[in-house]
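What follows is a single structure, written as structure tokens, with notes after it.
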Amino acid sequence: MSKYSISTMVEWSDKAFERYGQSTIATRSKFLLSIIESLTDKKEIIIEVAVQETHLPAVRLQNEFGRTVNQIKLFATSILNGTYLEATIDPGDPHRQPFPKPDIRRLLIPIGPVVVFGASNFPLAFSTIGGDAVSALAAGCTVIYKSHPAHPQTSKLVFEAISEALKKNGLPLDTFIHLELSNEESQSLIMHPLVEAIGFTGSYTAGKLIYDLVQKRDKPIPVFAEMGSVNPIMVLVQKIREDMEELASSYASSLCLGVGQFCTNPGLIFIPETEKETFVALLREKLSAVTPQPMLTSQIAKDYHRKLSEFGKLDFGNGISEVSIDALPAIKVVDSDTWINTPLYHQEVFGPFGMVVTYNSTDDLADITKHLEGQLTITLWATEEELVQHKGIIHSLLRKCGRLLFKGVPTGVEVGHAMQHGGPFPATTDSRSTSVGTFAIKRFLKPIAFQDCPEALLPEELKDDNPLKVVRMVDGEMNL
1 MSKYSISTMV EWSDKAFERY GQSTIATRSK FLLSIIESLT DKKEIIIEVA
51 VQETHLPAVR LQNEFGRTVN QIKLFATSIL NGTYLEATID PGDPHRQPFP
101 KPDIRRLLIP IGPVVVFGAS NFPLAFSTIG GDAVSALAAG CTVIYKSHPA
151 HPQTSKLVFE AISEALKKNG LPLDTFIHLE LSNEESQSLI MHPLVEAIGF
201 TGSYTAGKLI YDLVQKRDKP IPVFAEMGSV NPIMVLVQKI REDMEELASS
251 YASSLCLGVG QFCTNPGLIF IPETEKETFV ALLREKLSAV TPQPMLTSQI
301 AKDYHRKLSE FGKLDFGNGI SEVSIDALPA IKVVDSDTWI NTPLYHQEVF
351 GPFGMVVTYN STDDLADITK HLEGQLTITL WATEEELVQH KGIIHSLLRK
401 CGRLLFKGVP TGVEVGHAMQ HGGPFPATTD SRSTSVGTFA IKRFLKPIAF
451 QDCPEALLPE ELKDDNPLKV VRMVDGEMNL
């Protein structure tokens with residue numbers, strides 16, 4: 001913890017926002033690109049330290065570093081056309097009858113200081129300059145970042161790169177404040193009246209605690225908590241009979257990717273009862289070839305082993321000893337009635353554990369869908385013929401998730417303009433938002449309308465001659 005109080009540092013962040021919040025799109029774009037330069041200079045040491053702190057392999061971290069850099073570049077370039085501002089102009093008409101029409105111009109502006117909590121499982125892409133932080137900075141918000149204790153030194157190195165970029169661009173150093181806090185100190189930060197929003201990626205327990213705490217504030221603020229899910233895969237009968245081997249292999253690989261420590265890990269799969277024996281045998285064969293791998297921290301490993309014990313007798317694996325940081329995959333097979341009536345079986349297990357649920361008919365699938373909680377993703381493996389026959393189920397699934405997949409597996413989240421990484425509660429606290437992709441910037445903006453404002457006082461984006469050449473809607477038509 002810094003020698004300065006939390007209140008003092010939030011005030012510094014708010015003071016920095018007075019300037020950074022008024023910075024131009026071009027200034028912020030240049031700043032973000034400078035972060036990439038500083039990160040690249042430190043790449044070797046960042047990855048070396050991250051390997052030591054997280055037990056993740058260097059190859060995985062190399063890939064994550066690339067994803068992080070590409071994510072920053074995506075925001076740096078995408079904000080330049082101003083589309084995210086939703087600039088809209090309804091020109092006035094003083095001669096309109098029976099009443100004159102006022103001139104109204106609207107756009108989105110940054111909300112102020114944002115608190116971001118780092119994630120344990122992505123020391124780069126979802127942490128210090130991960131999706132939450134970079135989208136807030138792109139929006140024009142200042143960031144107060146709470147470092148995750150699983151990788152503190154990695155976080156400090158990334159913070160140094162951000163600070164170097166701030167200095168290089170002549171921006172206030174308190175635009176980005178890096179903190180290591182206890183739970184009690186984190187609560188004080190969350191409750192500070194100058195904080196305007198919270199970004200969080202992590203467990204349901206921690207995310208819900210933050211959300212509940214914020215409800216006690218005198219001034220309500222949004223909490224954008226991405227809390228994971230079990231990411232069900234539904235397999236229809238014709239598809240599983242045609243591609244049994246491939247589907248079993250794909251599921252096993254996705255389940256064990258990153259030792260199951262992804263928020264999109266497919267911890268639940270529904271298969272026809274008639275195909276259970278063959279599919280489970282294939283799945284056991286695939287999982288038997290997996291070697292023990294260390295989890296991110298000893299506490300995460302302990303929680304994984306404890307959770308497996310709560311599920312009772314497993315149909316494959318035991319996860320390995322509770323005293324080890326290593327983990328192995330495990331599965332449990334139940335029928336749909338048992339799954340529906342056992343709340344424990346609906347919970348996420350952070351690790352390579354899969355719940356295989358059998359069903360007897362499409363009526364069972366419709367009932368299963370009703371009992372699904374909100375998910376980040378749902379995957380539907382089916383033939384084209386089956387998809388046409390089950391449009392009703394597809395429509396029902398749309399209400400249950402943020403991303404619906406028709407092939408492939410949910411692990412591996414593409415960072416782009418169209419990505420939706422969020423979903424109905426309890427996957428997130430706000431199903432209208434995403435924590436991945438360019439739409440993530442919308443979380444940290446608020447609309448403002450200017451009515452009959454003198455031209456000289458209007459933001460550049462709303463002036464008649466559009467000096468920044470941003471995309472706008474003028475009198476109901478898009479002006480590119």
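Note that the sequence shown covers residues 1 to 480 in UniProt numbering. Where a beta carbon is used, it is the ideal one built from N, C-alpha and C, also for glycine. This structure is a prediction, so every number in the text was calculated from the model and none was measured.
Original post:
What is the C-beta distance between E386 and G267, in whole angstroms, given that I count them as a contact (C-beta under 8 Å)?
Top reply: Here the question's residue 386 lines up with position 386 in the sequence shown. Here the question's residue 267 lines up with position 267 in the sequence shown. With 8 Å as the limit, E386 and G267 do not qualify as a contact, their Cβ atoms being about 24 Å apart.
**OP:** Identify whether M244 lies in helix, strand or coil by the three-state DSSP scheme.
**Re:** If you number the sequence shown from 1, residue 244 lands on position 244. Helix, per DSSP.
**OP:** Please name the residue in E185, F126, R19 whose C-alpha comes closest to that of V413.
**Re:** In the sequence shown, the residue the question calls residue 413 occupies position 413. Among E185, F126, R19, the Cα nearest to that of V413 is on F126.
Original post:
Does the beta-carbon of F406 have 16 or more other beta-carbons within 10 angstroms, so that it is buried, or is it exposed?
Top reply: For the purposes of this step, residue 406 is taken as the residue at position 406 of the sequence shown. Its Cβ having fewer than 16 others within 10 Å, F406 is exposed.
**OP:** Using three-state DSSP, classify K446 as helix, strand or coil.
**Re:** Locating residue 446 in the sequence shown gives position 446, counting from the first residue. Of the three classes helix, strand and coil, the one that applies to K446 here is strand, per DSSP.
Original post:
Taking Cβ positions, are L314 and L108 nearer each other than 7 Å?
Top reply: Here the question's residue 314 lines up with position 314 in the sequence shown. Here the question's residue 108 lines up with position 108 in the sequence shown. No, the pair does not count as a contact, with Cβ atoms beyond the cut-off.
Original post:
Counting along the chain, where does the alpha helix (DSSP H) carrying residue 511 start and finish?
Top reply: Absent from the structure is residue 511, since the part of the chain shown begins at 1 and ends at 480.
Original post:
Considering only C-alpha positions, which residue in the set G392, Q375, S29 is nearest to D363?
Top reply: As a first step, residue 363 is located in the sequence shown; it is residue number 363 there, counting from the start. Minimum Cα-Cα distance from D363 among the listed residues G392, Q375, S29 corresponds to G392.
Subject >> Short Cβ contact (7 Å threshold) for I394 with H371 >> reply: The residue you call residue 394 lines up with position 394 of the sequence shown. The residue you call residue 371 lines up with position 371 of the sequence shown. For I394 and H371, no; Cβs fall outside 7 Å.
**OP:** Would you decide whether G408 is buried or exposed? Buried here means 16 or more other CB atoms lie within 10 Å of its CB.
**Re:** Stepping through the sequence shown from its first residue, residue 408 is reached at position 408. Classification of G408: exposed, given that the 10 Å Cβ count is below 16.
Subject >> Cβ distance (whole Å) where F176 is taken to contact Y145 below 8 Å >> reply: Sequence index remark: in the sequence shown, residue 176 carries index 176 (1-based). Sequence index remark: in the sequence shown, residue 145 carries index 145 (1-based). Rounded, the Cβ-Cβ distance is 7 Å, consistent with contact.
Original post:
For S186, which option in M478, K332, H148 has the closest C-alpha, if you only look at C-alpha atoms?
Top reply: If you number the sequence shown from 1, residue 186 lands on position 186. Per the Cα distances, H148.
Subject >> Best match in N479, T428, C453, P454 for proximity to K208 [C-alpha to C-alpha] >> reply: Your numbering for residue 208 matches position 208 in the sequence shown. Here the closest residue by C-alpha is T428.
Original post:
Going by Cα to Cα distance, which pick from L365, M227, Y211 is closest to I233?
Top reply: Locating residue 233 in the sequence shown gives position 233, where the first residue counts as 1. That would be L365, whose Cα lies nearest to the Cα of I233.
**OP:** Confirm, please, whether the CB-CB distance from T358 to E273 is below 7 Å.
**Re:** Residue numbering aside, residue 273 sits at position 273 when the sequence shown is read from its first letter. Residue numbering aside, residue 358 sits at position 358 when the sequence shown is read from its first letter. Closer than 7 Å, so yes.
Original post:
If you draw a straight line from the alpha carbon of E246 to that of I331, how long is it in whole angstroms?
Top reply: The residue labelled residue 246 in the question sits at position 246 within the sequence shown. The residue labelled residue 331 in the question sits at position 331 within the sequence shown. E246 and I331: Cα-Cα distance of roughly 18 Å.
Subject >> Same chain, Cβ closer than 7 Å to I72, neighbours up to 5 away in sequence not counted >> reply: Within the sequence shown, numbered from 1, the residue matching residue 72 stands at position 72. L32, I35, I36, I129, V134.
Original post:
From E180 to V114, what does the alpha carbon distance come to, in whole angstroms?
Top reply: Within the sequence shown, residue 180 is the residue found at index 180, counting from 1. Within the sequence shown, residue 114 is the residue found at index 114, counting from 1. Looking at the two C-alpha atoms, the distance is approximately 16 Å.
Original post:
For D105, which three-state DSSP category applies?
Top reply: Working through the sequence shown from its first residue, we reach residue 105 at position 105. Before going on, a small fix: residue 105 reads as Arg here, not Asp. The answer is strand: DSSP assigns R105 an E or B state.
**OP:** Could you pull the start and end residues of the beta strand (DSSP E) that P272 belongs to?
**Re:** For this step, residue 272 is matched to residue 272 along the sequence shown. Taken as a continuous stretch (DSSP letters only), the beta strand (DSSP E) holding P272 covers 268-272.
Original post:
Where does H417 land, buried or exposed, given buried means 16+ other C-beta within 10 angstroms?
Top reply: The residue you call residue 417 lines up with position 417 of the sequence shown. Exposed is the call here.
Subject >> N318 to S254 span [Cα, whole Å] >> reply: Stepping through the sequence shown from its first residue, residue 318 is reached at position 318. Stepping through the sequence shown from its first residue, residue 254 is reached at position 254. C-alpha separation (whole angstroms): 19 Å.
**OP:** Ignore the nearest five residues each way along the sequence and tell me which others in A16's own chain have a CB closer than 7 Å to its CB.
**Re:** Taking the sequence shown and counting its residues from 1, the one referred to as residue 16 is at position 16. If we look at A16 and ignore the five residues flanking it on each side, its Cβ neighbours are T142, P172, D174, T175.
Subject >> 7 Å CB neighbourhood of V49 in its chain, flanking five on each side removed >> reply: What you label residue 49 is simply residue 49 of the sequence shown in a count that begins at 1. Around V49: Q153, T154, L157.
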